[in-house]
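S.K.: Structure incoming, see below.
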Amino acid sequence: AGYAIKDNSDMVVIEDGDSETGYIYVLKSLSENPRIASTKNLFKIGFSTTSVEERIKNAEQDPTYLMAPVSIVATYRCFNMNPQRFERLIHRFFSESCLDLEITDKVGRNYVPKEWFIAPIMVIGSVIELIIKGEIVNYSYDKSIESIVEIK
16 AGYAIKDNSD MVVIEDGDSE TGYIYVLKSL SENPRIASTK NLFKIGFSTT SVEERIKNAE
76 QDPTYLMAPV SIVATYRCFN MNPQRFERLI HRFFSESCLD LEITDKVGRN YVPKEWFIAP
136 IMVIGSVIEL IIKGEIVNYS YDKSIESIVE IK
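In the numbering used here, the protein residues as written are 16 to 167.
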């Protein structure tokens, strides 16, 4: 699924003068590692200034991608905004559900990936919408029920 995000409104029509600044993407690992493969609702949330296809083309060689191929689940084109800052907001929201795993790269260096989160894809989409609307401050993520909850 592909979406467009602008800095001043909901997902909208792109107009002349809008400046594309990058992509927010959601990936699923195709790893055969039992610990990764058995983790339900595990997604990488990242940003790129190049196409997502270009960004992930060597995923099997990169500990960021868990040394395995990945599939693109969702791509959000960003306009008139800093996609890295947007990514940080999403990561902060899901920080309590970050994957806790150490990966060893091809030369034996250990790496702890920080952009993989355990959350249903529909929840990730809802969080992106809440950030766009400026309403995310009213909610938190409850990892025990894998759901967004209103802050009382």
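Cβ coordinates follow ideal geometry from the N, Cα and C atoms, glycine included.
Small disclaimer: the values here were computed from a predicted structure and weren't measured.
Per DSSP, Lys158 forms a beta bridge with which residues?
M.R.: Residue 158 sits at position 143 when you count from the first residue of the sequence shown. Looking at the DSSP assignment, Lys158 forms no beta bridge with any residue, so it has no partner.
S.K.: Around the C-beta of Val85, are 16 or more other C-beta atoms found within 10 angstroms, so that it is buried, or is it exposed?
M.R.: Translated into positions along the sequence shown, residue 85 becomes position 70. Result: buried.
S.K.: Please state whether DSSP places Ser127 in a helix, a strand or coil.
M.R.: Translated into the one-based positions of the sequence shown, residue 127 becomes position 112. The residue you asked about is not Ser; residue 127 is Val in the sequence shown. If DSSP states are grouped into helix, strand and coil, Val127 belongs with coil.
S.K.: Taking just the CA atoms, how far does Lys167 sit from Tyr126?
M.R.: Numbered from its first residue, the sequence shown carries residue 126 at position 111. Numbered from its first residue, the sequence shown carries residue 167 at position 152. Cα to Cα, Tyr126 sits roughly 37 Å from Lys167.
S.K.: Mapping the DSSP letters down to three states, classify Ser110 as helix, strand or coil.
M.R.: Translated into the one-based positions of the sequence shown, residue 110 becomes position 95. Ser110 falls in the helix class under three-state DSSP.
S.K.: Would DSSP call Ser34 helix, strand or coil?
M.R.: Position 19 of the sequence shown, counted from the first residue, corresponds to residue 34. Reduced to three states, the DSSP call for Ser34 is coil.
S.K.: By Cβ distance below 8 Å, which residues in the same chain neighbour Val54 in space, the five residues on each side in sequence not counted?
M.R.: As a working mapping, residue 54 is identified with position 39 in the sequence shown. Position check: residue 54 holds Thr in this sequence, whereas Val was assumed. Closer than 8 Å at Cβ, skipping near neighbours: Leu114 and Ile133.
S.K.: Can you give me the start and stop residues for the beta strand (DSSP E) that Val6 sits inside?
M.R.: Coverage of the chain is limited to positions 16 through 167, which leaves residue 6 absent and any answer about it impossible.
S.K.: Give every residue of the same chain whose Cβ lies closer than 8 Å to the Cβ of Ile136, excluding the five residues on either side of it in the sequence, and list them in chain order.
M.R.: By 1-based counting over the sequence shown, the position of residue 136 is 121. Once the five neighbours on either side are set aside, the close Cβ partners of Ile136 are Val41, Asn56, Phe58, Val88 and Ala89.
S.K.: Whole angstroms are fine: how far does the CA of Pro78 sit from the CA of Arg92?
M.R.: As a working note, residue 92 is residue 77 in the sequence shown. As a working note, residue 78 is residue 63 in the sequence shown. Each residue's alpha carbon lies about 25 Å from the other.
S.K.: How many angstroms separate the CA atom of Val152 from the CA atom of Ser44?
M.R.: Counted from its first residue, the sequence shown places residue 152 at position 137. Counted from its first residue, the sequence shown places residue 44 at position 29. Cα-Cα distance, rounded: 30 Å.
S.K.: Determine the extent of the alpha helix (DSSP H) in which Ser46 is found, giving its start and end residues.
M.R.: The sequence position of residue 46 within the sequence shown is 31, counting from 1. No alpha helix (DSSP H) holds Ser46; DSSP gives it neither H nor E.
S.K.: Between Ser66 and Ile163, what straight-line distance do the alpha-carbon atoms span, to the nearest angstrom?
M.R.: Position 51 of the sequence shown, counting from 1, holds the residue named residue 66. Position 148 of the sequence shown, counting from 1, holds the residue named residue 163. Spanning the two alpha carbons is a distance of roughly 29 Å.
S.K.: Assuming Phe109 and Tyr156 are in contact, meaning their beta carbons sit under 8 Å apart, how far apart are those beta carbons, in whole angstroms?
M.R.: To locate residue 109, count along the sequence shown from 1; it is residue 94. To locate residue 156, count along the sequence shown from 1; it is residue 141. Confirmed, about 6 Å.
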